[in-house]
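A.B. asks:
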Amino acid sequence: MTSADQKALHTNLVVVACHAHFLGDPEAADCDVYSPQQWNLQPFQQPRGHKPGEHETFLDHIQAGLNKLSSGAAKDNSILIFSGGFTSNSVHLSEARSYFRAAIALTKLHGQSESCKSLFGSKIFLEEHATDSYQNLLFSLLCFRKAIGRYPETIQIITHAFKSERFLMSHAKAIRWPSDRIRVQGIDPVMSVEEYEDTKSGERQRGFLPWTQDMYGRREPLKQKRVSRGWQESTLDVLSAEFEPGIGELLRYDGGEEGQTLYHGNLPWCRV
1 MTSADQKALH TNLVVVACHA HFLGDPEAAD CDVYSPQQWN LQPFQQPRGH
51 KPGEHETFLD HIQAGLNKLS SGAAKDNSIL IFSGGFTSNS VHLSEARSYF
101 RAAIALTKLH GQSESCKSLF GSKIFLEEHA TDSYQNLLFS LLCFRKAIGR
151 YPETIQIITH AFKSERFLMS HAKAIRWPSD RIRVQGIDPV MSVEEYEDTK
201 SGERQRGFLP WTQDMYGRRE PLKQKRVSRG WQESTLDVLS AEFEPGIGEL
251 LRYDGGEEGQ TLYHGNLPWC RV
């Protein structure tokens, strides 16, 4: 089968949204992908009391993404993209690249690291600009288009279950992606009842609701969150250079006067 024939098979985009940096070297003897010391974790992601570190959930996300390439009905049709930019001044590595390194370390535990490495550039790609969940979705679509030559037919997002609403009811709506062609596989950290209630409330107040009020993340507080994670507007010039005119307009669109007006320009996936 030629490279063109193989690309023609690829219709399903699998996105693993990144949330931290893995700092370990998968080739080093002392690499321990399950050690919190080998991850750059925010305070709320650190292990505390009986609560394990959230890096264990990130590894579950990575494994779920890898599983999409090796098993299931869509394994031959899927492309896996790790999505996450250079979000920390102290780490000179994108979240996406660090997740791929974590994937190598994870598969090495099962003697499959060479197989994982061999998929890079053919079935596994890195989206290294995103600083929030909206960008995870949109930029991964563009990454798929650049790698395969066309847009996917279907999307599967692997992230926290508590973020399902924002992806399905806000982000997909904002880019006018057909609602029957995007699904979320949600994997949450293990939580006590108190942690569950805090997480659910926090996502509602600081995640889902702000995104419904500012669908494109161009106003406060979402705008400042991007900046705090290293976002630069000049990145839009790089992202829009190789795509249809409507993509450049969407990348810069602010949602109108209230931030809640959908972009109505031409988008290529609306014709898929």
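Going by UniProt numbering, the letters in the sequence shown line up with residues 1 to 272, in that order.
For glycine and all other residues, C-beta sits at the position ideal for the given N, C-alpha and C.
These numbers were taken from a predicted model, which means no experiment stands behind them.
Could you have a look at residue 274 and say whether DSSP puts it in helix, strand or coil?
C.D. replies: This structure does not reach residue 274, given that the chain is present from 1 up to 272, and the question cannot be answered.
A.B. asks: For H61, count the other beta carbons within 10 Å of its own beta carbon; 16 or more makes it buried, fewer makes it exposed. Which is it?
C.D. replies: For this step, residue 61 is matched to residue 61 along the sequence shown. It is buried - the Cβ of H61 has at least 16 other Cβ atoms within 10 Å.
A.B. asks: So, is K75 buried or exposed, given that buried needs 16 or more other C-beta atoms within 10 angstroms?
C.D. replies: Here residue 75 corresponds to residue number 75 of the sequence shown, with the count starting at 1. Classification for K75: exposed.
A.B. asks: Over the uninterrupted beta strand (DSSP E) stretch that includes N12, give me the two end residues.
C.D. replies: The residue labelled residue 12 in the question sits at position 12 within the sequence shown. Counting along the chain, the beta strand (DSSP E) containing N12 begins and ends at 12-17.
A.B. asks: Compute the beta-carbon to beta-carbon distance between S71 and F139, rounded to the nearest angstrom, for a pair I have assumed lies under 8 Å.
C.D. replies: Taking the first residue of the sequence shown as 1, we reach residue 71 at position 71. Taking the first residue of the sequence shown as 1, we reach residue 139 at position 139. That belief does not hold up - the Cβ atoms of S71 and F139 are roughly 27 Å apart, past 8 Å.
A.B. asks: Return the chain-ordered ranges of every beta strand (DSSP E) run that is complete within the region 102-190 and spans a minimum of 3 residues.
C.D. replies: As far as the region 102-190 is concerned, its whole beta strand (DSSP E) runs of at least 3 residues are 124-127, 154-159, 182-186.
A.B. asks: Just checking my contact of I81 with V184 at CB under 8 Å: how many whole Å lie between their CB atoms?
C.D. replies: Locating residue 81 in the sequence shown gives position 81, counting from the first residue. Locating residue 184 in the sequence shown gives position 184, counting from the first residue. Contact doesn't hold; Cβ gap of about 15 Å is too wide.
A.B. asks: Grouping DSSP H, G and I as helix and E and B as strand, with all else coil, what is G259?
C.D. replies: As a first step, residue 259 is located in the sequence shown; it is residue number 259 there, counting from the start. Coil, per DSSP.
A.B. asks: Can you list, in chain order, the residues of its chain whose CB lies under 7 Å from that of R166, leaving out five sequence neighbours each side?
C.D. replies: Numbered from its first residue, the sequence shown carries residue 166 at position 166. Here the set comprises S133, G207, F208, W211.
A.B. asks: Out of T261, G256, P268, V227, point me to the one whose CA is closest to P245's CA.
C.D. replies: Taking the sequence shown and counting its residues from 1, the one referred to as residue 245 is at position 245. Cα-wise, what sits closest to P245 is P268.
A.B. asks: Going by C-alpha distance, which of E27, H55, P36, I158 is nearest I104?
C.D. replies: As a first step, residue 104 must be located in the sequence shown, where it is residue number 104. Cα-wise, what sits closest to I104 is E27.
A.B. asks: Between the alpha carbons of G248 and D237, how many angstroms are there, rounded?
C.D. replies: Within the sequence shown, residue 248 is the residue found at index 248, counting from 1. Within the sequence shown, residue 237 is the residue found at index 237, counting from 1. Taking the straight line joining both Cα atoms gives about 8 Å.
A.B. asks: Just to confirm the assignment, what range does the beta strand (DSSP E) spanning S83 have?
C.D. replies: Locating residue 83 in the sequence shown gives position 83, where the first residue counts as 1. Start and end: 78-83.
A.B. asks: If you count every other CB in all the chains shown that lies within 10 Å of the CB of C270, and 16 or more means buried, which is it?
C.D. replies: Here residue 270 refers to the residue found at position 270 when the sequence shown is read from its first residue. With fewer than 16 other Cβ atoms within 10 Å, it is exposed.
A.B. asks: Taking the alpha helix (DSSP H) that E203 belongs to, which residues open and close that run?
C.D. replies: To locate residue 203, count along the sequence shown from 1; it is residue 203. Counting along the chain, the alpha helix (DSSP H) containing E203 begins and ends at 193-203.
A.B. asks: So the alpha helix (DSSP H) R226 belongs to, where does it begin and stop?
C.D. replies: Position 226 of the sequence shown, counting from 1, holds the residue named residue 226. Note, R226: alpha helix (DSSP H), 222-228.
A.B. asks: Where does T261 land, buried or exposed, given buried means 16+ other C-beta within 10 angstroms?
C.D. replies: The count along the sequence shown starts at 1 and reaches residue 261 at position 261. The residue in question, T261, is exposed, as its Cβ has fewer than 16 Cβ neighbours within 10 Å.
A.B. asks: Would you list the one or two residues that DSSP bridges to N40?
C.D. replies: Numbered from 1 along the sequence shown, position 40 holds the residue referred to as residue 40. Note: N40 sits in a beta bridge opposite H21.
A.B. asks: Enumerate in chain order the residues of its own chain whose CB-to-CB distance from G255 is below 6 Å, with the five nearest sequence positions on each side excluded.
C.D. replies: Against the sequence shown, residue 255 aligns to sequence position 255. Same-chain partners within the cutoff: M215, Y216, T261.
A.B. asks: Can you tell me whether DSSP reads R48 as helix, strand or coil?
C.D. replies: Taking the first residue of the sequence shown as 1, we reach residue 48 at position 48. Strand.
A.B. asks: According to the neighbour-count rule (16 or more other Cβ atoms, all chains shown, within 10 Å of its Cβ), is P189 buried or exposed?
C.D. replies: Position 189 of the sequence shown, counted from the first residue, corresponds to residue 189. P189 should be labelled buried.
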